Amino acid sequence: MKPDAEDYGHLPPGLPWLEALRTEGRRRFAGLGLPTPREEAWRFTNLGALDRLPWRTAPPDPVTVIPPDFLPSVVPAGEAPGPRLVFVNGTWRPDLSTPGPLPHGVVLTGLGSALSDHPAVVEAHLGRLAAVDGHALIALNTGLLASGALLVLPAGAVLERPVELVMIGAGSGADRPLAWHPRLLVVAGAGSRATLVEHHLSLGGDPACVNLVAELFLGAGARFAHYKVQRENPASFHLATVTGRLERDAGYEGFLLTTGGRLSRNEIRLVLDGPGATARLNGAYLVRGRQHCDTTTLIDHAHPRGTSRQMFKGVLDGEARGVFQGQVLVRPGAQQTDGHQLHRALLLSDHAQIDAKPELEIHADDVKCSHGATVGDLDEDALFYLRARGIDRDRARSLLVAAFINEAIAEITNPTVAAAFESLADGWLTTG
Amino acid sequence: MPLLEIHNLHASIQGREILRGIDLSIDAGQVHSIMGPNGSGKSTLSYILAGREGYTVTEGSVTFNGQDLLALAPEERAAAGVFLAFQYPVEIPGVSNATFLKTALNGVRRRRGEKELDAMEFLKLTRARCRQLGMTDEMLKRAVNVGFSGGEKKRNEVLQMALLDPRLAVLDETDSGLDIDALRIVADGVNALRGPDRAMLVITHYQRLLSYIVPDRVHVLAHGRIQRSGGKELALELEARGYAEFGIDEAA
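Protein chains in written order, with our numbering: chain D, 1 to 432; chain Y, 433 to 684.
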């Protein structure tokens with residue numbers, strides 16, 4: 001992938017700090033290039049197929065028509081949705097978005113407007129967690145940064161309804177597929193509470209490449225729930241690097257549901273940067289055909305009394321390939337850390353493949369840490385029991401797969417989101 | 433014509449012959465019992481009737497209601513009216529008992545050309561059956577057999593039997609792991625399902641269950657063959673004398 005940088009028309013001009021940051025991002029990326037399997041962190045995921053396509057950085061797209069009923073929401077039909085920002089081919093679309101109503105002081109807007117209306121908060125946070133040095137995808141995102149979203153929660157602010165971000169790849173009709181590099185900035189003040197849901201999907205079958213970077217700043221005691229569903233078409237590439245910093249007693253709850261994409265990688269890097277912080281990071285992926293799904297996590301326990309919980313479950317059919325790399329780092333002094341990680345994969349086909357690499361790195365002596373990884377196929381006894389009761393083979397299999405996946409989805413504490421994700425997983429099962 | 437006719441059935445698992453020529457025929461309305469020591473092939477016979485994979489029938493036939501039973505998939509056998517009450521009902525985390533029962537019932541009804549039940553009709557039918565078996569609604573909400581006591585699991589089997597309304601019920605060691613009260617509840621549930629159109633095959637090691645579910649015929653299975661058949665008094669005789677006359681010394 002070459003940073004062509006032909007178009008910055010999305011963002012307001014005249015911000016030297018931003019220009020300098022982007023220049024630095026491009027310079028770094030030119031030196032790094034796309035990661036290759038020679039790097040340990042990319043051993044199991046090869047971006048060669050992505051690199052061979054003639055990507056074009058997506059120009060501003062204020063016009064592509066999106067049918068209103070195509071816009072997803074976790075809120076059931078009939079109930080009024082909460083705030084929702086819609087992006088099409090990387091461009092924020094105020095005409096499709098409903099950013100309010102919001103409590104006083106809360107900011108939710110596209111990155112372009114944020115730079116015009118709230119430049120100080122953007123400048124104070126952009127690039128502070130997602131550093132361009134040494135990380136090619138962050139460098140590339142920074143170098144070609146043109147769109148994204150900003151959510152600012154003042155201290156104590158509480159958002160009752162989930163904020164939804166909808167990112168749609170809708171093709172271009174041109175010869176070259178489109179790539180875009182959105183940035184998500186969340187600045188959650190002390191004691192604030194909010195839920196964010198990301199939807200990533202495609203309208204049509206054109207390949208696209210999303211290279212998203214998120215920076216999440218969670219102040220002392222903030223509670224932030226961050227749920228994501230990626231169900232893009234099987235021609236598309238989805239790369240996401242999420243960086244988060246949790247201050248004292250902050251709590252992060254993440255869930256990644258992946259059913260889409262030709263190749264996806266979610267890399268989540270959370271630093272528990274104050275005592276008593278809690279990170280819950282869970283997910284489920286269901287892939288088939290020749291899909292490749294990579295989940296890479298790093299939980300960095302930097303202070304005492306931190307808690308982390310991870311449960312990931314994968315279902316792989318066809319020739320799909322899954323990768324799970326989970327690293328838990330306990331720094332010296334991070335005593336009474338409590339970290340658990342579990343990855344379980346279900347292989348429905350002899351040709352599906354999973355590479356799991358759990359990694360505990362512990363530099364403190366008073367900690368409770370564990371990890372587990374299992375790979376298996378469906379329980380033959382259970383399958384026979386269901387069939388002996390008159391349930392046909394395919395239905396019996398999908399019941400058992402749903403049960404397997406729902407154990408992860410049950411970790412979602414927001415019942416509306418849990419129900420929506422469960423039905424998305426069911427949808428995958430019924431569209432064999 | 434008998435409802436179930438087993439003729440010269442030979443079967444093996446991983447090359448080892450377990451059944452060595454079983455002949456058995458059961459008429460509708462009858463309850464037969466197969467008694468036998470451990471390892472005699474009782475459970476193998478029940479699994480072969482239900483269609484479990486892993487067994488190879490090397491010789492013989494099983495005809496159920498005029499059909500070649502061995503040619504049917506397990507779900508087709510269930511719809512045709514064969515029901516196996518498992519010795520060890522399987523726990524299925526993440527699938528609620530209600531979902532399981534409704535999917536099973538409607539799967540069988542669809543294959544039988546009957547109308548599927550909606551959620552309300554299903555609940556009404558199931559609650560009535562549950563009450564007869566002393567089961568609570570809460571047991572419908574829990575995952576299939578997960579956290580159920582031995583007695584609850586067996587009651588759940590009888591509940592499934594009552595809902596699926598089979599022509600032939602095979603009860604594999606239904607008494608194992610039950611105390612006397614649980615045994616009585618399960619046996620009452622089974623007896624309530626006896627009828628002129630239905631046959632039952634009660635597989636058991638001990639005579640105890642047959643005091644509650646009184647059979648019309650008793651067969652002794654040992655070394656993969658029916659060694660002896662008789663009336664219900666044969667069970668009492670076996671209880672008194674053990675399986676020694678069939679070359680089995682269980683005390684050893």
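Where a beta carbon is used, it is the ideal one built from N, C-alpha and C, also for glycine. Predicted model only: the values in this text are computed from it and were never measured.
List the DSSP bridge partners of residue i.
i	result
Asp294(D)	Arg265(D) and Val323(D)
Lys313(D)	Ala284(D) and Arg344(D)
Thr195(D)	Ala225(D)
Pro358(D)	Gly326(D)
His371(D)	Gln341(D)
Trp180(D)	Val210(D)
Leu185(D)	Leu150(D) and Glu215(D)
Ala352(D)	Beta-bridge pairing links Ala352(D) to no other residue.
Ile299(D)	Leu270(D) and Val328(D)
Phe237(D)	Cys209(D) and Leu263(D)
Ile454(Y)	Leu441(Y)
Arg231(D)	Leu201(D)
Gly318(D)	Its beta-bridge partners do not exist; DSSP assigns none.
For residue i versus residue j, is the C-beta distance shorter than 8 Å?
i	j	result
Thr98(D)	Pro76(D)	no
Glu319(D)	Ala284(D)	no
Glu164(D)	Val197(D)	yes
Ile658(Y)	Leu441(Y)	no
Pro12(D)	Ser116(D)	yes
Val107(D)	Leu151(D)	yes
Val287(D)	Glu267(D)	no
Ala136(D)	Pro35(D)	yes
Gly627(Y)	Gly390(D)	no
Pro234(D)	Arg265(D)	no
Leu565(Y)	Leu537(Y)	no
Phe44(D)	Asp294(D)	yes
Phe404(D)	Gly526(Y)	yes
Leu270(D)	Gly251(D)	no
Val650(Y)	Met467(Y)	yes
Val166(D)	Phe217(D)	no
Ala667(Y)	Ser465(Y)	yes
Per DSSP, what kind of secondary structure is residue i in: helix, strand or coil?
i	result
Leu11(D)	coil
Ser73(D)	coil
Gly134(D)	coil
Thr476(Y)	helix
Val166(D)	strand
Val578(Y)	coil
Ala654(Y)	strand
Asn538(Y)	helix
Met567(Y)	coil
Phe515(Y)	strand
Gly244(D)	strand
Gln659(Y)	strand
Leu504(Y)	coil
Thr531(Y)	helix
Lys2(D)	coil
Ala684(Y)	Because Ala684(Y) carries a pLDDT of 43, less than 50, the predicted location of this residue cannot be relied on, and the following value inherits that uncertainty. In this structure, Ala684(Y) counts as coil in the three-state DSSP scheme.
Val646(Y)	coil
Glu449(Y)	strand
Ala279(D)	strand
Val63(D)	coil
Which two residues bound the contiguous alpha helix (DSSP H) that contains residue i?
i	result
Asn211(D)	No alpha helix (DSSP H) holds Asn211(D); the beta strand (DSSP E) holding it covers Ala208 to Leu218.
Gly31(D)	Pro16 to Leu32
Leu399(D)	Arg393 to Ile409
Gly427(D)	Pro415 to Thr430
Leu670(Y)	Glu665 to Arg673
Arg305(D)	Looking at the DSSP string, Arg305(D) is not in any alpha helix (DSSP H), and its letter there is neither H nor E.
Leu442(D)	Beyond the ends of chain D as shown, which are 1 and 432, falls residue 442(D); an answer cannot be given.
Residue i lies in the beta strand (DSSP E); which residues open and close that run?
i	result
Gln462(Y)	That residue, Gln462(Y), is in no beta strand (DSSP E); it is neither H nor E in DSSP.
Pro525(Y)	Ile524 to Ser528
Phe496(Y)	Tyr487 to Phe496
Glu437(Y)	Leu436 to Ile445
Leu150(D)	Gly148 to Leu153
Glu253(D)	Gly251 to Thr258
Ala49(D)	No beta strand (DSSP E) holds Ala49(D); the alpha helix (DSSP H) holding it covers Gly48 to Asp51.
Looking at residue i and the ligand SAH, is the gap between the Cβ and the nearest heavy atom below 7 Å?
i	result
Gln230(D)	By its list of ligands, the structure shown contains no ligand whatsoever, and the ligand SAH lies outside what it can speak to.
**Q.** In chain order, each alpha helix (DSSP H) run of at least 4 residues that lies wholly inside the stretch 603-644 of chain Y
**A.** 612-624
**Q.** Segments assigned alpha helix (DSSP H), at least 4 residues, entirely inside the stretch 83-135 of chain D
**A.** 111-117 and 119-125
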